[in-house]
Every structure is written in C-alpha cells, then in structure tokens.
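> Below you will find the structure I want to go over with you.
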Amino acid sequence: MSSDKPGGRKTGITRREALHNLGAVAGAAAATPLIGCGDDTTGSGGGPQAPVGITHIVIVMMENRSYDHYFGARSLVEGKPGDGLSASMANLDTMGVSRAVYAETDFCVPDPPHGWDASRGQFAAGMNSGFVTEYEADHDGVLPYVMGYFQRPQLPVTWALADAYTICDR
Numbered sequence: 000m001s002s003d004k005p006g007g008r009k010t011g012i013t014r015r016e017a018l019h020n021l022g023a024v025a026g027a028a029a030a031t032p033l034i035g036c037g038d039d040t041t042g043s044g045g046g047p048q049a050p051v052g053i054t055h056i057v058i059v060m061m062e063n064r065s066y067d068h069y070f071g072a073r074s075l076v077e078g079k080p081g082d083g084l085s086a087s088m089a090n091l092d093t094m095g096v097s098r099a100v101y102a103e104t105d106f107c108v109p110d111p112p113h114g115w116d117a118s119r120g121q122f123a124a125g126m127n128s129g130f131v132t133e134y135e136a137d138h139d140g141v142l143p144y145v146m147g148y149f150q151r152p153q154l155p156v157t158w159a160l161a162d163a164y165t166i167c168d169r
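Counting from 0, one number per residue, gives the positions in the sequence shown under numbering that gives the first Met the number 0.
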C-alpha cells in the first residue's frame with residue numbers, strides 16, 4: 000500500500016509490513032540448515048535420531064532505544080561487553096541544559112515520537128543529539144524520560160535471559 004509522507008516522500012510498504020517481512024526472512028534463514036534433513040536411517044537402529052543441540056530459536060527484536068533502556072546499563076553499570084550506554088552520553092534540552100543518561104525508577108514512561116521528522120531530529124545527522132528536544136516537543140512539560148535506563152533489579156528475568164543467551168547489539 001503506497002502512501003504520501005511528509006516532504007512528498009512515497010513509500011510502498013508500511014512499517015508493520017516491513018517488520019513482518021523481516022521476521023519471515025529471519026525465520027527462513029534460521030531454518031536453512033534444516034533443509035534436506037529428513038529421517039536419518041543410517042544411524043544405529045535404523046530410525047530417526049533424537050535432536051541434538053539447538054531445538055528452538057527465539058528472536059526478540061528491539062529498536063535501539065528499547066535496547067538502551069533495557070540493556071544499556073549492562074555496560075554502564077556492570078561493565079559487561081556490548082555497545083551500551085556510557086556515562087558521558089547526554090543531550091541538551093530546549094533550554095540548553097545537559098540531560099545525561101540516568102537510572103529510571105518509573106516503569107510508565109511516555110513514548111517518544113516515532114515519525115519521520117522526529118526520527119531525523121533525534122538522529123541529528125548522526126550525532127544522536129536530538130532525543131531530548133524531540134521528546135520535549137512531543138510531550139510538553141514532561142521530564143526527558145528518553146534518557147533513562149533500567150537496571151537488573153527492575154528487569155530480573157530479561158537480564159537473566161541476556162546473561163544466559165546471546166545478545167546482538169547491532
């Protein structure tokens with residue numbers, strides 16, 4: 000379905016369709032090693048062999064901001080490897096005040112804007128310096144929650160899964 004976007008941009012696919020298709024491609028790629036793996040009658044006993052190794056693949060896909068909120072403190076607070084947060088990360092607000100990353104205590108955080116213009120403003124030509132100003136423009140009078148992160152005690156199951164399994168930070 001094609002739609003007009005701000006600035007006269009046209010797109011032939013919605014975000015939901017793109018994510019659906021990406022999931023289908025990832026699923027197909029994950030299943031590729033299994034192609035042609037029918038019953039193995041060459042093993043002992045002549046019947047199919049029990050599965051060995053990986054029996055399930057679970058993919059949890061997050062956008063960068065969600066990753067930083069959920070797992071950014073693993074490198075910042077716990078010194079774990081990965082492309083997480085650093086103490087020097089900050090954005091200026093609309094008054095020129097520096098807003099650094101901080102440990103969030105509120106679980107109900109208003110969502111930042113996700114539109115085309117707001118996303119480009121957040122990215123700020125690669126500087127990633129517009130998150131607070133775009134958040135302020137979308138949420139008048141609300142603290143810049145966009146710079147907050149959660150820690151292990153707040154998300155114990157999520158962090159336990161991250162400890163036990165693979166995290167891809169890119």
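From the three backbone atoms N, C-alpha and C, an ideal C-beta is built for every residue, glycine too.
Values in this document were obtained by computation on a predicted structure and should not be read as measured data.
(1) Out of curiosity, what's the CA-to-CA distance linking residue 144 and residue 159?
(2) Which class does residue 72 belong to by DSSP, given the choice of helix, strand or coil?
(3) What do you reckon, are the CB atoms on residue 97 and residue 83 nearer than 9 Å?
(4) Using only the alpha-carbon positions, how far apart do residue 55 and residue 26 sit?
(5) Run through DSSP, which three-state label would residue 19 get?
(6) Would you mind listing the alpha helix (DSSP H) stretches within the segment 90-135 that are 4+ residues and don't spill past its ends, in chain order?
(7) By the three-class DSSP mapping on this structure, what secondary structure does residue 164 have?
(8) Going by C-alpha distance, which of 86, 81, 93 is nearest residue 134?
(9) Using only CA atoms, which one of 52, 69, 57, 140 lies nearest to residue 106?
If we stick to the structure as given:
(1) When only Cα atoms are considered, residue 144 and residue 159 end up about 24 Å apart.
(2) Taken through DSSP and simplified to helix, strand or coil, residue 72 comes out as helix.
(3) no
(4) 11 Å
(5) helix
(6) 115-122
(7) coil
(8) That would be 93, whose Cα lies nearest to the Cα of residue 134.
(9) Answer by Cα proximity: 69.
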